[in-house]
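Working notes, structure below.
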Amino acid sequence: MRSYSLYIHIPFCTRRCIYCDFNTYAGKNNLIPEYIRALCAEIEAVVSKGGFSPHLHTVYFGGGTPSVVPVSDLASVFRAIRDSFELDREAEITLEANPGSLTLSYLSDLARLGVNRLSLGMQSADIDELHMLGRDHTVEDVVRCVGWSREAGIAQLSLDLLFGLPDQTMETWKDSLSQAVALHPDHLSLYSLTLEPGTRLAHLVSTGHLAAPDDDLAADMYEWATAFLDGYGYVQYEISNWAQADGHESLKACRHNLQYWRNQPYFGVGAGAHGYLDGMRTANVMSPELYIQRYHKAVQCDKERYPRTFATASMRRIRQADEMAETMLMGLRLVQEGVSNSAFRQRFGSSMEAVYGKEIAELIELGLLEWMGESRKRLRLTERGRLLANQVFLRFL
3 MRSYSLYIHI
13 PFCTRRCIYC
23 DFNTYAGKNN
33 LIPEYIRALC
43 AEIEAVVSKG
53 GFSPHLHTVY
63 FGGGTPSVVP
73 VSDLASVFRA
83 IRDSFELDRE
93 AEITLEANPG
103 SLTLSYLSDL
113 ARLGVNRLSL
123 GMQSADIDEL
133 HMLGRDHTVE
143 DVVRCVGWSR
153 EAGIAQLSLD
163 LLFGLPDQTM
173 ETWKDSLSQA
183 VALHPDHLSL
193 YSLTLEPGTR
203 LAHLVSTGHL
213 AAPDDDLAAD
223 MYEWATAFLD
233 GYGYVQYEIS
243 NWAQADGHES
253 LKACRHNLQY
263 WRNQPYFGVG
273 AGAHGYLDGM
283 RTANVMSPEL
293 YIQRYHKAVQ
303 CDKERYPRTF
313 ATASMRRIRQ
323 ADEMAETMLM
333 GLRLVQEGVS
343 NSAFRQRFGS
353 SMEAVYGKEI
363 AELIELGLLE
373 WMGESRKRLR
383 LTERGRLLAN
393 QVFLRFL
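So this is what it looks like as structure tokens:
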């Protein structure tokens, strides 16, 4: 039985962070009730058009800030999911949340709905860095929310942190990560800050109001974090992600993101969401207002065919050459697992060496890739390759 994942985009925020280039909107929370109705309709539409009941093993509420949505509205989404999909009894259900807006009551309600994994945007423990980023929480809020999530019965907790910030020092980075680890999260995501065009952060840096991030210092921060987390029992399973092992020695990795990195199929619903189904990449309209408008028109007349729905803005079939490249790029991000040669051959009818022999040989010679074991079952990044991953990925495009 093939397992699918479902990504649900909630584009609403109370305020927009200065570094964010995601499809998010502040000051539009009045749209939430109608948006949720449209979201439920899209969930029903994409499944009914497919003519089957997909087996879901992960659900991910991302944004935006999904925790701005009232529990009663989230309950409607969960009903739509359970009515349309075959939801695995052990499904991983993640919700991203802002530490500054949560309550114990809200988290308890989330747990009752079925949320069993919480992803908190901690970002930093330094108040000046948080203010610079436009965040509205403190490290005390994070500590409180971690305690509440455990009291509420949410099984797994992940914390996100940023490094390579303007004026960030190695000392503040070490303190932030140390405070995060002291909370004993199951999972940590560490992201190097990038200056995305069009963001307020990029403007402030380009006009000299903020210092440009120091790439060399960011690399040092990453290397220090890797060694530090290893000492606390965290296993790096992806370039930016670390997880603790559970009692059965399996990692508490984010199963939803593994679906992406293994280039497996997933549904994407909501404004700006992307999906990957039957060799087709779908992208929804970005604007929540347009998303709602299309929903109302679809109620009257919906002639779209699977996997297209009223929300779809574009849809394209992936050429095999592109699918192979994506499989390499995404799979090599998994620093322990890498890309399986047998799985690649089974999927595409050719081995990795037959398709990318020259590129692989050159990257191995440069010390950036390595085969795992004498039988060459898997290909993965070396430790040096992790630092130069983007250069490695370019060779497969």
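Numbering (the working numbering), first residue to last: 3 to 399. Glycine included, every Cβ here is placed at the ideal spot set by N, Cα and C.
Roughly how far, in whole angstroms, is the beta-carbon of residue i from the beta-carbon of residue j, given that I think they are within contact range, below 8 Å?
i, j, result
"W2", "Y236", "Residue 2 lies beyond the range of the chain shown here (3 to 399); nothing can be said about it."
"Y262", "M332", "6 Å"
"Q338", "Y224", "In fact, because the Cβ distance is near 17 Å, the residues do not count as touching under 8 Å."
"L76", "L115", "6 Å"
"R380", "V341", "6 Å"
"S78", "I38", "6 Å"
"S242", "S180", "That pair is no contact at about 19 Å."
Distance check for residue j and residue i, CA to CA, integer angstroms please.
i, j, result
"T314", "Q295", "13 Å"
"L132", "E306", "44 Å"
"A113", "V71", "15 Å"
"E44", "L33", "16 Å"
"L219", "L195", "12 Å"
"A247", "Y62", "21 Å"
"K30", "L161", "26 Å"
"S74", "Y108", "11 Å"
"H298", "F54", "25 Å"
"A356", "R17", "50 Å"
"R318", "L185", "44 Å"
"M330", "G274", "25 Å"
"K360", "M354", "10 Å"
"S289", "M374", "45 Å"
"S7", "C42", "16 Å"
"A182", "D188", "11 Å"
"T284", "L231", "37 Å"
"A204", "T171", "20 Å"
"S151", "L164", "22 Å"
"T174", "L135", "15 Å"
"S50", "A127", "46 Å"
Might you give, ordered along the chain, the residues of its own chain that have their beta carbon closer than 7 Å to the beta carbon of residue i, omitting 5 neighbours on each side?
i, result
"L399", "A327"
"D169", "A213"
"D280", "P309"
"V117", "I95, L97 and I156"
"L336", "Y239, E240 and W263"
"D111", "V73"
"V287", "A273, Y293, R296, A313 and A315"
Below 6 Å CB to CB, which residues in the same chain sit around residue i once its five sequence neighbours on both sides are set aside?
i, result
"E153", "none"
"C15", "T26, A28, G66 and T67"
"S5", "H57 and H59"
"G270", "Y9, H276 and G277"
"R2", "In the structure as shown, the chain begins at 3 and stops at 399. Residue 2 is therefore absent and cannot be evaluated."
Using 7 Å as the cut-off, classify the Cβ of residue i as near or not near the heavy atoms of the ligand MN, replying yes or no.
i, result
"Y293", "As far as ligands go, the structure on display features none, and thus does not contain the ligand MN."
Taking 8 Å as the limit between beta carbons, can you name the residues of its chain near residue i, skipping five residues before and five after?
i, result
"V394", "L334, L365, L370, L371, L383 and G387"
"F312", "A43, E44, A47, R296, Y297, K299, A300, D304 and E306"
"I83", "L8, I45, L58, V61 and L89"
Distance cutoff 8 Å, beta carbons only. Does residue i sit that close to anything in chain C?
i, result
"I34", "Of the protein chains in the structure, only one exists, and it is not chain C."
Task: Ordered list of alpha helix (DSSP H) runs contained in the region 3 to 53, each at least 4 residues - done: 34 to 52
Task: the region 21 to 31 / the region 191 to 202 touching (three or more Cβ pairs under 8 Å) - done: Contact between the region 21 to 31 and the region 191 to 202 is present, because at least three Cβ pairs lie under 8 Å.
Task: Cβ contact check for the region 101 to 110 and the region 139 to 150: 3 or more pairs under 8 Å - done: As far as the Cβ criterion goes, the region 101 to 110 touches the region 139 to 150, which means the pair count is three or higher.
Task: Runs of beta strand (DSSP E) wholly within the region 179 to 218 (minimum 3 residues, chain order) - done: Runs of the beta strand (DSSP E) inside the region 179 to 218: 189 to 194.
- [ ] Check whether the region 202 to 216 touches the region 351 to 370, taking contact to mean three or more Cβ pairs, one atom from each stretch, closer than 8 Å.
- [x] Segment contact: the region 202 to 216 against the region 351 to 370, fewer than three CB-CB distances shorter than 8 Å; contact not assigned.
Open item on the list: At 4 residues or longer, what runs of the alpha helix (DSSP H) sit wholly inside the region 352 to 387?
Closed with: 354 to 367
Task: Uninterrupted alpha helix (DSSP H) stretches inside the region 67 to 136 (no shorter than 4 residues) - done: 73 to 86, 106 to 115 and 129 to 135
Open item on the list: Please give me, in chain order, every unbroken run of the alpha helix (DSSP H) with length at least 4 that falls completely inside the region 267 to 331.
Closed with: Within the region 267 to 331, the complete alpha helix (DSSP H) runs of at least 4 residues are 290 to 302.
Open item on the list: Can you confirm whether the region 318 to 338 touches the region 348 to 366 when touching is taken to mean that 3 or more C-beta pairs between the two stretches lie within less than 8 Å?
Closed with: yes
Open item on the list: Quick test of the definition: if touching needs 3 or more C-beta pairs under 8 Å, does the region 82 to 92 touch the region 119 to 128?
Closed with: no
Open item on the list: Extract the residue ranges of the beta strand (DSSP E) inside the region 226 to 268, only unbroken runs of 3 or more that lie entirely within it.
Closed with: 237 to 240 and 243 to 245, all fully within the region 226 to 268.
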